[in-house]
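Residue numbers (this note's numbering): 1 to 86. Don't be surprised by glycine CBs; every beta carbon is placed ideally from N, CA and C. Bear in mind the structure is a predicted one, so any value in this text is a computation, not a measurement.
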Amino acid sequence: GETGSGKSTQSVQFVLDDLIQKQLGAVVNIICTQPRRISALGLADRVADERCARVGDEIGYTIRGESKQKPGVTKITFVTTGVLLR
């Protein structure tokens, strides 16, 4: 997909919405990796805004030295590749 086509913002929401529709939303934990910290933060803000949510609730992020998410509440987490590999 082309840059800016919504791979990171839309596809994760489609997956989450499908799982919610199948009554699996309570147990889902979607991780979306990003190469840079600023990308992870920006995408968490964007997706939370699109879903009328706050970052740290349904949509969160984890980067080196900082995490904003709630276990059992956060369904989509944007992380840097380095965080995922640790």
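Worksheet item: How is the alpha helix (DSSP H) around Gln10 delimited, first residue to last?
Response: Along the sequence shown, one-based indexing puts residue 10 at 10. It spans 10–21 - the alpha helix (DSSP H) in which Gln10 sits, taken as one unbroken run.
Discussion item. Give me, in chain order, the residues of the same chain whose beta-carbon lies closer than 8 Å to that of Lys7; leave out the 5 immediate sequence neighbours on both sides.
Written reply: Position 7 of the sequence shown holds residue 7. Counting only Cβ-Cβ distances below 8 Å, and skipping sequence neighbours, we find Gly1.
Worksheet item: When burial is assigned at 16 or more other CB atoms within 10 Å of the CB, is Phe14 buried or exposed?
Response: Reading the sequence shown from its first residue, position 14 is the one you call residue 14. It is exposed - the Cβ of Phe14 has fewer than 16 other Cβ atoms within 10 Å.
Item to complete: Take Val28 and list the residues in its own chain whose beta-carbon comes closer than 7 Å to its own, dropping the five residues that flank it on each side.
Response: Numbered from 1 along the sequence shown, position 28 holds the residue referred to as residue 28. Within the same chain, Val28 has close Cβ partners Leu16, Leu19, Lys75.
Practice prompt. Pick helix, strand or coil for Gly25, following the three-state DSSP scheme.
Written response: Start at 1 with the first residue of the sequence shown, and residue 25 comes out as number 25. Helix.
Discussion item. Between Val12, Gly82, Glu50, which has its C-alpha nearest Gly25's C-alpha?
Written reply: Mapped onto the sequence shown, residue 25 falls at position 25. For the residues Val12, Gly82, Glu50, the minimum Cα distance to Gly25 belongs to Val12.
Fill in: Identity of the residues DSSP links to Glu66 by a beta bridge
Residue numbering aside, residue 66 sits at position 66 when the sequence shown is read from its first letter. Paired residue(s): Ile63.
Practice prompt. Below 8 Å CB to CB, which residues in the same chain sit around Ala48 once its five sequence neighbours on both sides are set aside?
Written response: Along the sequence shown, one-based indexing puts residue 48 at 48. Only Arg54, Val55, Asp57, Glu58, Ile59 meet the Cβ criterion.
Worksheet item: Within 10 angstroms of its Cβ, does Cys52 collect 16 or more other Cβ (buried), or is it exposed?
Response: The sequence position of residue 52 within the sequence shown is 52, counting from 1. Exposed is the call here.
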